[in-house]
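In terms of the UniProt record's numbering, the sequence shown is residues 1 to 348.
Every residue, glycine too, gets a C-beta built ideally from N, C-alpha and C.
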Amino acid sequence: MNPYILAILLFGLGLGTTITFASSHWLLAWMGLEMNTLAIIPLMTQHHHPRAVEATTKYFLTQATAAATLLFASVTNAWLTGQWEIQQITHPLPSTMITLALALKIGLAPLHAWLPEVLQGLDLTTGLILSTWQKLAPFALILQLHPSSSTLLIILGLTSTLIGGWGGLNQTQLRKILAYSSIAHLGWMILVLQFSPSITLLTLLTYFIMTFSTFLVFKLNESTNINTLATSWAKAPALTALMPLILLSLGGLPPLTGFMPKWLILQELTKQGLAPTATLAALSALLSLYFYLRLSYAMTLTISPNNLTGSTPWRLPSTQLTYPLATSTAMTICLLPLTPAISALLTS
1 MNPYILAILL FGLGLGTTIT FASSHWLLAW MGLEMNTLAI IPLMTQHHHP
51 RAVEATTKYF LTQATAAATL LFASVTNAWL TGQWEIQQIT HPLPSTMITL
101 ALALKIGLAP LHAWLPEVLQ GLDLTTGLIL STWQKLAPFA LILQLHPSSS
151 TLLIILGLTS TLIGGWGGLN QTQLRKILAY SSIAHLGWMI LVLQFSPSIT
201 LLTLLTYFIM TFSTFLVFKL NESTNINTLA TSWAKAPALT ALMPLILLSL
251 GGLPPLTGFM PKWLILQELT KQGLAPTATL AALSALLSLY FYLRLSYAMT
301 LTISPNNLTG STPWRLPSTQ LTYPLATSTA MTICLLPLTP AISALLTS
């Protein structure tokens, strides 16, 4: 892609998110979300492959549906209450509609079906943008909402953690596994949203760091399914040794960074008298942990047969920058001891 066009599209992505962040009016927020969607579509179709075009079409239709629902709900709110401000959603009908529209935008279960299909059709770089940056603007709006139905958020959160765990169990494609991982993590964030927005932000931030590391490792190895992971030991032995730690951090095992948000969320849910919800969420994390362990096993404890089609790229040097990967990997593995300091920063 022409670097000038790429720069304009990335600027459009940033501007759309910034407009949504800065807006207090529903029309401006909607406009920012639309700019975001329209800016990423050319990035998704830059490789003229039928699978990429199909994924882009699915993405466009779901995002357009969510945006139309959001606009309809905000107009309904203005009609019922005379208010256009984001924080003035007091009527339960537009509040529920907006929550569901934003859930569709970020891919929360049961409105998640588009996410694995879309991610599977994209290259890893665009998939990374879709899994991280594209979640920011809708999340900013969800955080500003004061939903009249707290039960709805808990149902969305629990469904997402369960479906995110179950859906990834029988997958062999890495991008689909990462999509279900995304759904499960979003479920954890939504569960604690109404009780502690600061913990939700912390979870979102750690999810971004861990996903960034995972996508970059797969990109460095040029892996798109579990079988090609087995050749990674010959390309980057040191990184292959660290990769299980990154995956187990995504799964939320101590003493890795990924344990921090899960620990704080379970603690907060228990404080709020939601021990059964916390127990269900913790059990659903075991489902996700299974497929992370499966990836770790495929990457470090299996040696691929020599007739594998992925044997040629072993000896090709990678042109990818490794500094961002080194930084994010260190953060993915080592941040747990800083939990008290991070909690103090978020609550101050």
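Taking the alpha-carbon positions, what's the residue 277 to residue 169 distance? Taking the first residue of the sequence shown as position 1, residue 277 is located at position 277. Taking the first residue of the sequence shown as position 1, residue 169 is located at position 169. Their Cα atoms are separated by approximately 22 angstroms.
With DSSP as the reference, please indicate the residues paired to residue 25 in a beta bridge. Indexing the sequence shown from 1 puts residue 25 at position 25. Checking the DSSP bridge columns, you'll see residue 25 partnered with 85.
Tell me which residues share the same chain as residue 294 and place their Cβ nearer than 8 angstroms to its Cβ, disregarding the 5 neighbours each side in the sequence. As a first step, residue 294 must be located in the sequence shown, where it is residue number 294. Counting only Cβ-Cβ distances below 8 angstroms, and skipping sequence neighbours, we find 226.
Residue 47 versus residue 59: straight-line alpha-carbon distance, rounded: Taking the sequence shown and counting its residues from 1, one reaches residue 47 at position 47. Taking the sequence shown and counting its residues from 1, one reaches residue 59 at position 59. The straight-line gap from Cα to Cα measures roughly 16 angstroms.
Paired residues, beta bridge with residue 225 - DSSP: Locating residue 225 in the sequence shown gives position 225, counting from the first residue. Residue 225 is bridged to 173.
Just tell me which of 38, 184, 247, 270 has its CA closest to the CA of residue 10. Stepping through the sequence shown from its first residue, residue 10 is reached at position 10. For the residues 38, 184, 247, 270, the minimum Cα distance to residue 10 belongs to 38.
Please classify residue 261: is it buried, with 16 or more other beta-carbons within 10 angstroms of its beta-carbon, or exposed? Sequence index remark: in the sequence shown, residue 261 carries index 261 (1-based). Residue 261 should be labelled buried.
Close Cβ partners of residue 296 (< 8 angstroms) along its chain, the five nearest in sequence each way excluded: In the sequence shown, counting from the first residue as 1, residue 296 sits at position 296. So the list reads 243, 244, 247, 248, once near-sequence residues are dropped.
In the DSSP assignment, find the unbroken alpha helix (DSSP H) run with residue 139 in it and report its ends. Within the sequence shown, the letter at position 139 stands for residue 139. Where residue 139 is concerned, the enclosing alpha helix (DSSP H) stretches over 133 to 144.
Of all the options 130, 266, 212, which has the alpha carbon lying nearest to the alpha carbon of residue 195? Your numbering for residue 195 matches position 195 in the sequence shown. Per the Cα distances, 266.
Measuring alpha carbon to alpha carbon, tell me which residue in 182, 216, 180, 4 is nearest residue 319. In the sequence shown, residue 319 corresponds to position 319, counting from 1. Comparing Cα positions, the closest option is 216.
Cα-Cα separation, residue 237 to residue 300: The residue labelled residue 237 in the question sits at position 237 within the sequence shown. The residue labelled residue 300 in the question sits at position 300 within the sequence shown. Computed Cα separation, rounded: 9 angstroms.
Within 9 angstroms, strictly: CB atoms of residue 13 and residue 133: Here residue 13 corresponds to residue number 13 of the sequence shown, with the count starting at 1. Here residue 133 corresponds to residue number 133 of the sequence shown, with the count starting at 1. Taking 9 angstroms as the Cβ cut-off, residue 13 and residue 133 qualify as a contacting pair.
Less than 8 angstroms between C-beta atoms, sequence neighbours within five positions excluded: which residues of the same chain meet that for residue 99? What you label residue 99 is simply residue 99 of the sequence shown in a count that begins at 1. Within the same chain, Cβ atoms closer than 8 angstroms to the Cβ of residue 99 are found at 142, 145, 147, 149, 152, 153, 156, the five residues on either side in sequence being excluded.
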